[in-house]
Amino acid sequence: MTSGRRRGVQSIDRAVTILRCFDTAHPELGISDIARRTGLSTSTTHRLLSALQDNGLVRQSRDRRYALGPLLLRLARVGAAPASVLDAARPVMTRLRDDVDETVGLHVLLPTRERAVIDQVESRQPLRRTYTEFGAPIPLLLGAPGKVLLAALPYDVQELVLARPFTAATRPGAPGEAAEPDVLRKQLVGIRRRNVAFSRAERTSGIRTVAAAVFDGADLPVASLSVSAPAGRMPEERMEEYAPLVVAAAWSISEQLGATREGVAAYLTRAEPPPA
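Residue numbering for the sequence shown follows the working numbering, starting at 782 and increasing by one per position.
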């Protein structure tokens, strides 16, 4: 093996060592944290992180810390991870699309308390919702797929997300105006009760969405299933018509992953506000 090849293999080994630093307990890390965990110098860590970021394997968060990047989530579409959710969801998504002829999306909950689109089955309509941002992190406050996941998270986690800066798009049904945390808190109560959330052009102009949460074998929320369509084809009555279909499809996926209604109900007690 030539010295050049040895250096290339060493760089790959070091890059993988950096990626292994991230886990559910440490979804974001600073350069000094990563250098300490890997035993690499700060300069070497910075150089490798720059290369990983250029290739979408890590990304920088708002406070210039690092998290796993969108490429890793895009690889999920071809079964790299999490294969169980994708495998369980795909046939259910196809059946739901055939029933409503609107685009069905699958969104996973990220360790950073964001979500990402990892799969879709598109409508056959000429004008349709098409997801293009596979793997890109999206705030939970933006759109029905994120809000239905947020409603299922423990109350203290909900409060941490609600404490983040609000964007103009987060006001339900009224793009361009900032939402108040108390408005969303009230929304989350209703969303949790039915396991269904609605969004009306909150994230994408002219698009309405209905979404329900998906739970895994530990009865934890791991993903959400959505139906999205142009607003002209999805008036309020159509959204309500689709809601039970989306909820039933999401639960079908949850059951395949091993979730139980009793276990999910017990877990959701942690999502309720503490007694006054």
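All C-beta atoms, glycine included, are put in the ideal place defined by N, C-alpha and C.
Owing to the predicted nature of the structure, the values given are computational and were not obtained by experimental measurement.
- Judged by DSSP in its simplified three-state form, residue 848 adopts strand.
- Separation of residue 833 and residue 1057 (C-alpha to C-alpha, rounded to the nearest whole angstrom) is 47 Å.
- Relative to residue 1017, the option among 820, 828 and 982 whose CA is nearest is 982.
- Membership of residue 834 in the alpha helix (DSSP H) is indicated by the continuous run 823 to 835.
- Non-local C-beta neighbours of residue 891 in its own chain, meaning closer than 7 Å and more than five positions away in sequence, comprise 897 and 918, ordered along the chain.
- When C-alpha distances from residue 997 are compared across 1046, 936, 800 and 851, the shortest belongs to 1046.
- For residue 879, the closest alpha carbon among the candidates 1043, 905 and 869 is that of 905.
- Secondary structure note for residue 886: its beta strand (DSSP E) is the uninterrupted segment 884 to 890.
- In the structure shown, residue 994 falls within a strand segment according to DSSP collapsed to helix, strand and coil.
- Only buried fits residue 976, as 16 or more other CB atoms lie within 10 angstroms of its CB.
- Shown here, residue 977 sits in coil according to DSSP, grouped into three states, outside any helix or strand.
- The beta carbon of residue 925 sits closer than 7 Å to those of 978, 979, 980, 990, 991, 992 and 1007, all from its chain and outside the five residues before and after it, given in chain order.
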